[in-house]
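J.: My questions will all concern the structure given below.
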Amino acid sequence: MVPFDSGAETGILVVGHGSRDPGSNLPLPGLCREVALRLRGTPVQPCYLELARPTIDEGLTALSRRGVTRTIVVPLLLTAGRHVRFDIPSEVGRSLARLSNMLVCFTAHLGSHPQLVSIANSRLAETLDGRPARLSHTKYVLVARGSRDPLVRGEVSRWAASRRFEDREADFLPCFLSLTQPTLDDGLQRAMADLPARIVVQPHLLYPGRLLSQIRSRVERLGKQFPHIEWVSVGALGPDPRLVDCVLDLAVQASGNHFTREAG
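Here the sequence shown is numbered in this note's numbering, starting from 100 and rising by one per residue.
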């Protein structure tokens with residue numbers, strides 16, 4: 100059990116992005132159940148910003164019905180884009196106008212949480228396990244969702260630059276699926292330009308779904324076009340039990356913050 104002196108009236112709202120793909124939404128309720136088990140009695144409610152239910156308003160309403168008057172809002176998102184800085188606080192604010200007895204505080208997003216770094220390295224190691232070592236002839240491509248927000252692009256670039264694999268710099272090339280450059284094709288072309296023996300493509304995505312399938316399809320097509328290169332696709336970061344630790348750490352850090360009626 101983590102040190103979490105919340106009081107009986109405090110609950111946690113874990114906000115996922117939401118997807119049209121039901122499979123992408125399935126892991127969040129299970130994650131919240133595991134967090135609740137670790138906290139022994141603190142209500143933990145999953146919800147989604149968009150494209151899925153329960154919504155943020157429905158999640159806060161569910162907590163209110165359980166007697167919660169102080170809510171710690173955990174944005175389960177990888178980068179501090181518009182969703183974290185504006186959209187989630189805005190949706191929470193609309194709910195607070197109706198839930199007159201509710202106070203809130205916000206945690207940080209997942210960002211570069213040490214457990215998330217550990218998860219990313221584990222996914223990579225699992226995928227490469229049993230393959231011949233080609234570290235000096237391997238290029239690594241990191242693929243994120245994409246955003247017009249320069250803060251998000253900078254955060255993804257810093258994440259890529261800081262990645263290490265097997266105690267050495269892995270030289271990840273960052274690229275994005277949409278809305279900004281370099282695109283996925285740009286990143287793959289840059290990787291191919293060095294004539295590597297192997298190209299490893301790691302998605303910076305929390306859960307499997309449509310976007311992961313899109314990346315894998317592109318890599319498979321390139322594998323057929325350029326069979327002299329070994330193409331390796333890594334899976335999404337989650338589900339992973341270490342994400343429970345991420346949520347707990349963020350909630351514990353925020354539990355000492357000032358609770359307010361102001362959203363954001």
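Cβ atoms here follow ideal geometry from the backbone N, Cα and C, with glycine treated the same way.
Bear in mind that the values here come from a model prediction, so they are computed numbers and not experimental data.
1) Helix, strand or coil: how does DSSP classify Gly115 here?
2) Looking at the secondary structure, which residues open and close the beta strand (DSSP E) in which Ala224 lies?
3) Here's a check: name, in chain order, each residue in its chain whose Cβ is nearer than 8 Å to the Cβ of Met100, leaving out the five neighbours to either side.
4) Let me check one thing: in DSSP terms, what residues is Gln144 bridge-paired to?
5) Do Gly117 and Glu149 have their CB atoms nearer than 8 Å?
6) DSSP three-state call for Leu305: helix, strand or coil?
7) Can you give me the Cβ contacts of Asn200 inside the same chain, cut-off strictly under 6 Å, excluding the 5 residues immediately before and after it?
8) Since His212 contacts Thr178 with CB under 8 Å, what's their CB separation in whole angstroms?
9) What separation, rounded to the nearest whole angstrom, lies between the Cα atoms of His303 and Gly210?
10) Here's a check: name, in chain order, each residue in its chain whose Cβ is nearer than 6 Å to the Cβ of Leu241, leaving out the five neighbours to either side.
11) Just checking: is the beta-carbon of His236 within a distance shorter than 8 Å of some beta-carbon in chain D?
12) Would you please state the rounded distance, in angstroms, between the beta carbons of Arg297 and Ile328? I believe it to be under 8 Å.
13) Between Leu198 and Leu250, how many whole angstroms is the CB-CB distance? I'm expecting something under 8 Å.
14) Pair every Cβ in the segment 329-337 with every Cβ in the segment 304-317, then say whether three or more of these pairs are closer than 8 Å.
15) Can you tell me the Cα-Cα spacing of Leu283 and Thr226, whole angstroms?
16) Would you mind sorting Gly122 into buried or exposed? The rule is 16 or more other CB atoms within 10 Å of its CB.
17) If the criterion is Cβ atoms closer than 8 Å, does the pair Asp97 and Gly322 meet it?
18) Under 8 Å between the Cβ atoms of Ala350 and Val173?
19) From Arg119 to Arg309, what does the alpha carbon distance come to, in whole angstroms?
20) Taking the straight line between their C-alpha atoms, what separation do you get for Leu175 and Gly115?
21) Count the other CB atoms within 10 Å of the CB of Ser246; is the residue buried (16 or more) or exposed (fewer)?
22) Grouping DSSP H, G and I as helix and E and B as strand, with all else coil, what is Thr160?
23) Answer yes or no: do Pro295 and Lys238 have a C-beta to C-beta separation smaller than 8 Å?
24) According to DSSP, simplified to helix, strand and coil, what is Phe185?
25) From what residue to what residue does the alpha helix (DSSP H) around Val134 run?
26) Below 8 Å between beta carbons: does that hold for Val143 and Gly166?
T.: The relevant details are as follows:
1) strand
2) No beta strand (DSSP E) holds Ala224; the alpha helix (DSSP H) holding it covers 213-227.
3) For Met100, the predicted structure reports a pLDDT of 30, less than 50, and the residue's modelled location is therefore unreliable. The matter cannot be settled from this model.
4) Leu112
5) yes
6) coil
7) Closer than 6 Å at Cβ, skipping near neighbours: Thr168.
8) No, His212 and Thr178 are not in contact; Cβ-Cβ is about 12 Å, not under 8 Å.
9) Taken atom to atom, the span from the alpha-carbon of His303 to that of Gly210 is near 11 Å.
10) Ala259, Phe271, Pro273, Gln301, His303
11) The chain labelled as chain D is not found in the depicted structure, where only one protein chain is given.
12) 7 Å
13) Going by Cβ atoms, the distance from Leu198 to Leu250 rounds to 30 Å, so no, they are not a contact pair.
14) yes
15) 20 Å
16) exposed
17) Look at the range of the chain in this structure, 100 to 363, and you will see that residue 97 is not part of it.
18) yes
19) So the alpha carbons of these two residues sit roughly 9 Å apart.
20) 5 Å
21) buried
22) helix
23) yes
24) helix
25) 126-138
26) Against a cut-off of 8 Å, the Cβ pair of Gly166 and Val143 comes out as no contact.
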